[in-house]
Structures are given as C-alpha cells and as structure tokens.
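Report on the following structure.
In the working numbering, the protein residues as written are 1 to 645.
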C-alpha cells in the first residue's frame, strides 16, 4: 500500500480489484492513534456535500428554490453595487463577486440557507485597506491581487482554506462574543457615518475625513450641500426603512421584497430626466458608464511588483479572514439550530475560502454569508444550496448581461442610502444592554463586568482608531481579562444554611458566608476556589488561607481547613506540590487540611497525594479507614471533629 501524511492524519491506500468508490482509505488519527476506515466516496462526500444532496434533490422543491433565488439575486445586484462603492473599487466588481463565489461555496458549504455575496462589514474592512492604495483603477487591481493570493481577499481564500485543511477553526473561539459585538456595532456606525457626506452632495475634496471632520473643522463646507442630492438621499433612506411595511399589502409585497432594486430603477429613471434639465454643477452624481457582459479571467499577480503589494496586504488579510468566518459561521449556526440540522466548521472554512480565491480571478471583492439574506432565504422557503447560491449566481449573471447598460443612470447617493440602511441592522446595542444588566446586578461578582468592559473597548477603539485596530484592541482586552480572571480566581469562605444541621441525613447546603442565612462552621475554615488551580494562582490561595487562618485564630482555635474543589476543573504539578506542602505544614501544627467535593483528575490527584498525608496525620486506625470514605464537606467536618475528640 501507499502512505501519505498530512497535518490531520495519515492516509494509507490499499490496492484491490474493487470499484474506485469502494477502495478503502484508512485514516490514522495522530492524536488518538485509531484507524478509521473510509471509502473514496465517503471522503469526497464529507468534503463536498453537494455530492450527497444534489443526486437526491426532490424535483418538487425546484419551484420554491427558483422563486427564492430570483429574490436573492435581485437583492444582491443592488446591495453588491453599494458594497463595491464601500470597497472603493469599480462598482461592477460588486455584482462580479456574486456570480462564481456563491456557486463555488455550494459545493462545500453545509448551511442550507447560507447566501454568499458581498457584505457591509467586510466591505468596510476592505475599504480601509484600499483607502490609501492609489486611484480607482489601482485600487481595483490591488483588490484582485489581495483576493487571489495572500491579501485581503486572496488571503481570505488562502488563509481560510489553509485553516480548514489544518483543522484550525477552533482559533476563532478566542474571539469572544462581546468583543465581536462591540466591534460590529462601532463598524456599523462607521459605515453609516462614512456615507453621510456623499449623501449630502459634498464634493470629494470637501468630504475628505467624513462628516465628523467636516463638523469639527470645516463647518462652512456644509454650504456646498447639493439640495437635489440631499433630498433624494432622504427620500431613499425613508423608503428603505419603511419598505417592509409594504409587505403587508398584497399588491405592494413585490416592492417590499425587492426594495433595493425598485429604488435603483426609480432613481435611475428620475436622474435620466432630471440631470439633462439642469446645469452641470446642479446635476446629481450618477454611476456612469459600466462595462457590459461577464467578467473575464485575469491573473491577479502578473509581475514582481505585484508580489510586493501582496506582502503589504498580509496583516489586514488575516484579520479579514477571521471576521468573515466569524460573522458567517455565527449566522449559519443560528439558522441551522433553528431548523434542526448541523453545519461543519471545516466545510464553512473551505467553502468561503475557496469561493473567495476563485472569485478573485474574475474581479470579485471579499464575500461572506449575509445574515439578512439568510433570513430572506429562510422566509422564502428555500430548501437547498441550489436556491440559496447556485441559481442566485445565475440570476446575477443574467442581470448584469441584460441590464448593465441601465445601471449607469443610478445615482451614487442612492447606493450610499442602501449602505446606510443595511448597516443600521448590524448594530447590537441590545447586546450591550444585556451585558450592562449583568454587570450592575449585585447578585453577580466582578467577573461579569469583564464582558461589558470588553464590549466598551471594542466599540470605542473601533470608533476612534478604525476597524482593524478596534478589533485587535477588543481581542487583546478580552484575553487580558480572561488571564486576569484565571490568575485571580474568586476564593470564597463558605458557611452552611442556618436551618441545616450536621446530624441530619440530608447534606447541608453550603454557600458564600456573606450571603443572608449563612453560618460559619465553628473552629473550621471552609473555603471554595472558583477556577483552575495552577502555578499562576496557587500562591494566592496559600496567602489567602494563611491570612484567614491568622484572623480566625484571634477569635477561636482552628482545628481544620476544608477546601471545596467543586469549582476546580484541573490542577497542574506546581499546585499539587504546593497543596502537599500546605497539608504537611497544617498537619505539623495539629490542623487537618482536607480537599472535598473533588471530581475527575482533581479527585484522583487528591486521592493519590493528599489522602496519604491526611491518613498519617490522624494516626487512629479507625479514622484512617474513614479518610477514603469522605467526599463532601460535611464528611470531612465529621472526620475533623472525631479527630479532635
């Protein structure tokens, strides 16, 4: 046989006379050492689920999927034009991004309702990278380079596919939900603020730095506002924000479903008649001439200079890859749980990565799974990737071929309004409200404030420094808070409920001593450490025990110390050695140190190390036999009482 080694395991091939799809692959897991027998077909079906569902596709679902694809395709045409404007590239590159990437994703993706296309958040990140990359033509070229190799888009494809191959999807778990929420909310506000100046019709030189810069330093620039552009922008925003109400009216439901497309068409007709009737300086800025037809195949990297650009774009590409996967996977998981099916992180990584990589050769900008479009797909009753992506790509292709010559009359301010409307749905102030409720609740300790702090850091840093720096700041803050919480775990002195008695058959309820109704056990210090016990915090435990013991010794004789390990998931060797030393020190002065409520590895360590010291300390044969029968706090308290009798 033949053997090939990969990061995820070792594939061994065995020759035989069976058909190819029955030839077995024995996968050797390097972690478990087990061999898992799989056929070629099984391996391919796991990596490309389309091989499973497409041959079994029910024909009766075709009409529903086709209707849903028409809806999503029309929506994507309008949204992608606006998102391309946010990316600071040629507008036609927006629809180009919604042709091949959705089709490629359908081969690997596992979410039925996932709609792959351009997105506001990723477009904002792309626009930040492209903002200082030259003129429009140069930016469009660099986005293609970025997409195909190791830049924003290509790196997105390259890095995400590599993450999938190396089974590194677990890395996104280091990005906490509060950090992502604060980042997304601030990014949405940045998106909306970046569109205000062009919606007012300000010249490009006057709107540099955004509307906030104008209000702070150049308030007189507001005199350059164009009334027609401003008025059309206001009408467009009002229409988009209220169009969903039209869905309740039977004959106007079409307008509510295709609001972006209807708005583009109506505004294009308006500008087609309005602009020729006024002077050039009063005309509303429009898209202008657009290339007709489908995109052609172009190699993004064609010269040594292009490779230098690739190196410049790598840092931003890594962050974009994580943001794309996080935002896409979170939405996909939400709808999968709602409909009762499972999705695979590996397939989502591969699908999104390869979709972006392939799209880069045909002029695509970064793509992701759109949460709002997933909601539309779910509401439309789409049953498969055929309706959510494959047919959508076909619809976008037909739309560009048939109607690209009409897009040139679309006003730019309407595209800005579409971006503002989409970004308004990204804000997550409700999440901040929930975090604030936890942080201010007196029943919870200081650790619940960490999530609120992370949200504030992510939100404020993104607003002040920008999207990339804000995301990194939020991640850094969340990691620092986690490390601080682990290094400084809560150590709580426990007391029993006053109505309980040690002699009762039922175990006493132990709670924090500062809670109402809690009574301290006389002569015995009972404590609980909440978190892992390891080299970074074991010294703090020792200091806490010594301080509390000295304080209590002034009031009464301390005959025992009981550490409840119910909240200690693991201990390292440093902690074990420290507990052994503490136990011996206590035994030398006639105080028993016990570890109660142990479980798992913590319990085995306590049994192997601490119980031997405890047995030597009690000396009495009967009590020695009782040591190994003790498990709860009450058990050890009875043992300590009998030892001192």
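Just so you know, even glycine gets a beta-carbon here, dropped at the ideal spot from N, CA and C.
Remember, it's a predicted structure, so these values are computed and weren't measured experimentally.
| Item | Value |
| --- | --- |
| From the DSSP output, in three-state form, read off residue 157 for me. | Any reading at residue 157 needs caution, since the residue's pLDDT is 47, under 50, leaving its predicted position unreliable; the model's value is listed next. DSSP places residue 157 in helix when its eight states are reduced to three. |
| With a CB to CB cut of under 6 Å and the five nearest residues on each side skipped, what residues in its chain are close to residue 98? | 76, 80, 117, 396 |
| To the nearest angstrom, how far is it from the Cα of residue 351 to the Cα of residue 483? | 34 Å |
| What residues in its chain sit with their C-beta under 8 Å from that of residue 261, if we drop five residues either side in the sequence? | 74, 75, 77, 78 |
| Which word fits residue 51, buried or exposed, when buried means at least 16 other C-beta atoms lie within 10 angstroms of its C-beta? | exposed |
| Out of 67, 39, 95, which one is the CA nearest neighbour of residue 402? | 95 |
| Report buried or exposed for residue 238, applying the criterion of at least 16 other Cβ atoms within 10 angstroms of its Cβ. | exposed |
| State buried or exposed for residue 608, treating a residue as buried only when at least 16 other CB atoms are found within 10 Å of its CB. | exposed |
| Enumerate in chain order the residues of its own chain whose CB-to-CB distance from residue 450 is below 6 Å, with the five nearest sequence positions on each side excluded. | 481 |
| Is residue 636 helix, strand or coil when you go by DSSP? | helix |
| Output yes or no for whether 7 Å exceeds the beta carbon distance between residue 202 and residue 362. | no |
| Roughly how many whole angstroms lie between the Cα atoms of residue 508 and residue 536? | 32 Å |
| Would you kindly report the start and end of the unbroken alpha helix (DSSP H) that includes residue 62? | 62-87 |
| Hey, quick one: how far does the alpha helix (DSSP H) through residue 493 stretch, first residue to last? | Not the alpha helix (DSSP H): residue 493 falls in the beta strand (DSSP E), residues 490-497. |
| Apply the 10 Å Cβ neighbour rule to residue 252 and answer buried if 16 or more other Cβ atoms are within range, or exposed otherwise. | exposed |
| Please go through the same chain and pick out, in chain order, the residues whose beta-carbon is closer than 7 Å to the beta-carbon of residue 82, but skip the five residues on each side of it. | 415, 418, 419 |
| If contact is defined by three or more beta carbon pairs under 8 Å, each pair taking one atom from either stretch, is the stretch 325-339 in contact with the stretch 109-124? | yes |
| Cβ of residue 197 within 7 Å of Cβ of residue 187? | no |
| Can you tell me where the alpha helix (DSSP H) holding residue 91 begins and where it ends? | Residue 91 -> no alpha helix (DSSP H), and no H or E assigned at all. |
| For residue 558, collect the residues of the same chain with a Cβ closer than 8 Å to its Cβ; drop the 5 residues on either side in sequence, then sort them by chain order. | 523, 524, 525, 549, 552, 591 |
| For the beta strand (DSSP E) holding residue 594, just list the boundary residues, first then last. | 592-596 |
| Quick check on residue 229: buried or exposed, where buried means 16 or more other Cβ atoms within 10 Å of its Cβ? | buried |
| Can you give the Cα-Cα distance for residue 21 and residue 41, rounded to whole angstroms? | Residue confidence is low: residue 21 scores 40 on pLDDT, short of 50, so the model does not pin down where it sits. Its coordinate-derived value is still stated next. Going from the Cα of residue 21 to the Cα of residue 41 covers about 5 Å. |
| What residues in its chain sit with their C-beta under 6 Å from that of residue 598, if we drop five residues either side in the sequence? | 565, 606 |
| What whole-angstrom Cβ distance do residue 432 and residue 458 have, given they're in contact under 8 Å? | Actually they do not touch by this definition, with Cβ atoms about 10 Å apart. |
| Quick one: using the 10 Å Cβ neighbour count with 16 as the cut-off for buried, is residue 636 buried or exposed? | buried |
| Check whether the stretch 569-579 and the stretch 507-521 are in contact - that is, three or more C-beta pairs closer than 8 Å. | no |
| Using 8 Å as the threshold, is the stretch 404-414 in touch with the stretch 263-279, meaning 3 or more CB pairs across them? | yes |
| Under DSSP, the beta strand (DSSP E) around residue 560 begins and ends at which residues? | 560-564 |
| Use the C-beta contact count for residue 181: other C-beta atoms within 10 angstroms, 16 or more gives buried, fewer gives exposed. | buried |
| Could you pull out every residue in the same chain whose Cβ sits closer than 6 Å to the Cβ of residue 107, ignoring the five residues on either side in sequence? | 48, 50 |
| Evaluate residue 9 with the Cβ neighbour count: other Cβ atoms within 10 Å of its Cβ, from every protein chain shown; 16 or more gives buried, anything less gives exposed. | Because the pLDDT of residue 9 is 40, which lies under 50, any placement of that residue in the model is unreliable, and the question is left without a value. |
| Would you report the Cα separation of residue 55 and residue 364, rounded to the nearest angstrom? | 30 Å |
| Tell me residue 512's beta-bridge partners as DSSP assigns them. | 494 |
| Check each candidate in 242, 628, 510 and name the one with the smallest Cα separation from residue 421. | 242 |
| Exposed or buried, what is residue 368 when buried is set at 16 or more other beta-carbons lying within 10 Å of its beta-carbon? | buried |
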